[in-house]
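Residue numbers (the UniProt record's numbering): 1 to 501.
To start, the structure under review is shown below, and the notes come after it.
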């Protein structure tokens, strides 16, 4: 006691607080009472069951003496104060104290170095196992009066960025996720108390290996809590998140940005449906994950005529297999004047030729043979068809199908599952009926489809019939359906990942 200025006998002790994690994403409320897990500390202050480490330098002018050197602070339940194991006292007036605290009191995978008159530094390497990545926090209080005689406030700050995963707004396929990995990420660096990180280096892929069954609904938690990744703050550039299902399928996403200390980055993982617009060519899609997919197709509208049909159904597909999408083009309305001055038109993929061209069908196949009519001898290769609408003027218009295409005016009938529609020009497999090439021929051509509609039956007036839709036998029973006349303009298609089961 006689070593201390002014015979000061007030013991140094502390009160502590923990600022909340920052960011737009909330984290699950968890008191995180186990120091060996990666759960972020979210309490307003450290639980009294915890301990932290402390360094304290006494400053007297230009002289620095380390009074407390990496000692453990714990909560004294009798005296209701946070204190070191050994007693330390305020040095008195004309001196100041610099405090440097860290949680937890014992840090694995890292080393704290300090000499009097310098700020402590932590050299750290993030462990590969997410469940052993501790939420390290530090607190700094400098130039504290040596004659304070009161509890010293220590406001801890999180030194890592917390990385979590959930299901995004577009949803993701249901099933059992076996792991999520993120890499290549810098995993080492030097942390200076009160200043931040430097010398951030390394290239490490971190993997959370934990079986997790999800429904794939937006907002559903995937990995957080004990499986939160505690990453060194850094700029990330084209690093890859990989989600792996238990059946071996994977989905990947490349991200860039900045991870800042004390912030939560919750990545909302979605696998949005893949859509296909009209291009006039066959488009290819590679199946990313073995599982169940929903297929949807819309046929194209006829020129001035009926809307295209719709068909849908689920199918089980294997990873890396290919599907081929042929999207129907809308027919053109070109009725005024003679055929010679207004050339005949037809919607891509089976729309009939006419002054009012038929709308093309939309189909999905397991092979690429071009437009639908080329599959006459290979019908088992077709998965799904939506019929195109008939072209023409007047009502009714021949809408696309559906089991059967709609009838147009003047005997332009719709296609069925086995025959084409009739009119001046009859429909056939994959092809709507044409109107011919003279001014005495009908105006409205038939729509394309599994079987195309017929063209209208009177010269220069009327509407062609719509083409029929079709559902292949390989689609899952009970998951299919068709509707007539729902699509205007060009056709469209969509495939949605439903489940990895």
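C-beta: ideal position from N, C-alpha, C; glycine also.
Where residue 465 and residue 184 are concerned, what is the direct C-alpha to C-alpha distance, given to the nearest angstrom? For this step, residue 465 is matched to residue 465 along the chain shown. For this step, residue 184 is matched to residue 184 along the chain shown. Cα-Cα distance, rounded: 58 Å.
Scan the segment 381-468 and note each continuous beta strand (DSSP E) run of 3 residues or more that stays entirely inside, going in chain order. 382-386
If I follow the unbroken beta strand (DSSP E) through residue 161, where does it start and stop? In the chain shown, counting from the first residue as 1, residue 161 sits at position 161. It spans 161-167 - the beta strand (DSSP E) in which residue 161 sits, taken as one unbroken run.
Look at the alpha carbon of residue 273 and the alpha carbon of residue 257, and state the distance between them as a whole number of angstroms. Indexing the chain shown from 1 puts residue 273 at position 273. Indexing the chain shown from 1 puts residue 257 at position 257. Roughly 25 Å separates the two Cα atoms.
Rounded separation between residue 358 and residue 407 - CA only: The sequence position of residue 358 within the chain shown is 358, counting from 1. The sequence position of residue 407 within the chain shown is 407, counting from 1. The alpha-carbon atoms of residue 358 and residue 407 are separated by roughly 13 Å.
Report the rounded CA-to-CA distance for residue 33 versus residue 43, giving the unit in angstroms. Here the question's residue 33 lines up with position 33 in the chain shown. Here the question's residue 43 lines up with position 43 in the chain shown. Confidence in residue 33 is poor, its pLDDT being 30 and thus under 50, which makes the residue's placement unreliable; the coordinate value appears in the next sentence. Those two C-alpha atoms are separated by around 10 Å.
Straight-line CA distance for residue 154 to residue 46? For this step, residue 154 is matched to residue 154 along the chain shown. For this step, residue 46 is matched to residue 46 along the chain shown. Each residue's Cα considered, the two are about 11 Å apart.
Contacts around residue 188, its chain only, beta-carbon distance under 6 Å, and the 5 residues preceding and following it disregarded: In the chain shown, counting from the first residue as 1, residue 188 sits at position 188. Excluding positions up to five away in sequence, the list reads 125, 201, 202.
Exposed unless 16 or more other CB atoms sit within 10 angstroms - verdict on residue 217: Locating residue 217 in the chain shown gives position 217, counting from the first residue. Exposed, by the Cβ-count rule.
Roughly how far, in whole angstroms, is the beta-carbon of residue 12 from the beta-carbon of residue 88, given that I think they are within contact range, below 8 Å? As a first step, residue 12 must be located in the chain shown, where it is residue number 12. As a first step, residue 88 must be located in the chain shown, where it is residue number 88. 5 Å between Cβ atoms; contact.
Return helix, strand or coil for residue 130, following the three-state DSSP convention. Stepping through the chain shown from its first residue, residue 130 is reached at position 130. Helix at residue 130.
So is residue 276 buried or exposed if we call it buried at 16+ other beta carbons inside 10 Å? As a first step, residue 276 must be located in the chain shown, where it is residue number 276. When all chains shown are included, residue 276 counts as buried.
Could you tell me if residue 301 is buried or exposed, where buried requires 16 or more neighbouring beta carbons within 10 angstroms of its beta carbon? As a first step, residue 301 is located in the chain shown; it is residue number 301 there, counting from the start. Counting Cβ neighbours within 10 Å, residue 301 comes out buried, since at least 16 surround it.
Residue 375 in three-state terms, based on DSSP: Along the chain shown, one-based indexing puts residue 375 at 375. Helix.
Run through the segment 64-137 for me and flag every whole alpha helix (DSSP H) of 4 or more residues, listed as ranges in chain order. none
Beta carbon of residue 156, beta carbon of residue 138: below 8 Å? As a first step, residue 156 is located in the chain shown; it is residue number 156 there, counting from the start. As a first step, residue 138 is located in the chain shown; it is residue number 138 there, counting from the start. A contact, by the Cβ cut-off of 8 Å.
Which term fits residue 445, buried or exposed, when burial requires 16 or more other beta carbons within 10 angstroms of its beta carbon? Counted from its first residue, the chain shown places residue 445 at position 445. That one is buried.
Any idea if residue 67 is buried or exposed, counting beta-carbon neighbours within 10 angstroms, 16 or more meaning buried? Residue numbering aside, residue 67 sits at position 67 when the chain shown is read from its first letter. Buried is the call here.
Specify, as a first and last residue, the run of the beta strand (DSSP E) that residue 486 falls within. Residue numbering aside, residue 486 sits at position 486 when the chain shown is read from its first letter. Its beta strand (DSSP E) spans residues 481-487.
At the level of alpha carbons, what is the spacing between residue 556 and residue 353? Residue 556 lies beyond the stretch modelled for the chain, which goes from 1 to 501, so this question has no answer here.
How big is the Cα-Cα spacing for residue 119 and residue 285? The count along the chain shown starts at 1 and reaches residue 119 at position 119. The count along the chain shown starts at 1 and reaches residue 285 at position 285. Cα to Cα, residue 119 sits roughly 57 Å from residue 285.
According to DSSP, is residue 157 helix, strand or coil? On the chain shown, position 157 is the one that residue 157 refers to. Of the three classes helix, strand and coil, the one that applies to residue 157 here is strand, per DSSP.
Where does the unbroken beta strand (DSSP E) through residue 177 begin, and where does it stop? Stepping through the chain shown from its first residue, residue 177 is reached at position 177. From DSSP, the beta strand (DSSP E) with residue 177 extends over 175-185.
Decide if residue 7 is buried, meaning its Cβ has at least 16 other Cβ atoms within 10 Å, or exposed. Numbered from its first residue, the chain shown carries residue 7 at position 7. Residue placement at residue 7 is flagged as unreliable, the pLDDT there being 41, under the threshold of 50; the coordinate-derived value follows with that caveat. Burial call: exposed.
Every unbroken alpha helix (DSSP H) within the segment 209-272, with a cutoff of 4 residues, ordered by chain: none
Just tell me which of 207, 360, 250, 289 has its CA closest to the CA of residue 492. Residue 492 sits at position 492 when you count from the first residue of the chain shown. Of the candidates 207, 360, 250, 289, the one whose C-alpha sits nearest the C-alpha of residue 492 is 360.
DSSP state of residue 26, grouped into three classes? Here residue 26 corresponds to residue number 26 of the chain shown, with the count starting at 1. Summary for residue 26: the model assigns pLDDT 39, below 50, so the residue's position carries little reliability, and this model does not support an answer.
What residues match up with residue 295 in a beta bridge as DSSP calls it? Position 295 of the chain shown, counted from the start, is the residue given in the question as residue 295. Paired residue(s): 313, 495.
In whole angstroms, what is the alpha-carbon distance linking residue 135 and residue 18? Position 135 of the chain shown holds residue 135. Position 18 of the chain shown holds residue 18. Distance between the alpha carbons of residue 135 and residue 18 is about 12 Å.
Using DSSP with H/G/I as helix, E/B as strand and the rest coil, what is residue 199? Translated into the one-based positions of the chain shown, residue 199 becomes position 199. It is a strand residue.
Would you give the residue range spanned by the beta strand (DSSP E) that residue 327 belongs to? Translated into the one-based positions of the chain shown, residue 327 becomes position 327. Here residue 327 belongs to no beta strand (DSSP E), and DSSP marks it neither H nor E.
Straight-line CA distance for residue 186 to residue 180? Here residue 186 refers to the residue found at position 186 of the chain shown. Here residue 180 refers to the residue found at position 180 of the chain shown. Answer to the nearest angstrom: the Cα atoms are 17 Å apart.
First through last residue of the beta strand (DSSP E) which encompasses residue 558: The question about residue 558 has no answer here: the residues shown for the chain are numbered 1 through 501.
Using CA atoms only, rank isn't needed, just tell me which of 111, 268, 177 is closest to residue 192. For this step, residue 192 is matched to residue 192 along the chain shown. Checking every option, the nearest Cα to that of residue 192 belongs to 111.
Tell me which same chain residues have a C-beta within less than 7 Å of the C-beta of residue 149, skipping the five on either side of it? Numbered from 1 along the chain shown, position 149 holds the residue referred to as residue 149. Taken in chain order, the residues that qualify are 10, 90.
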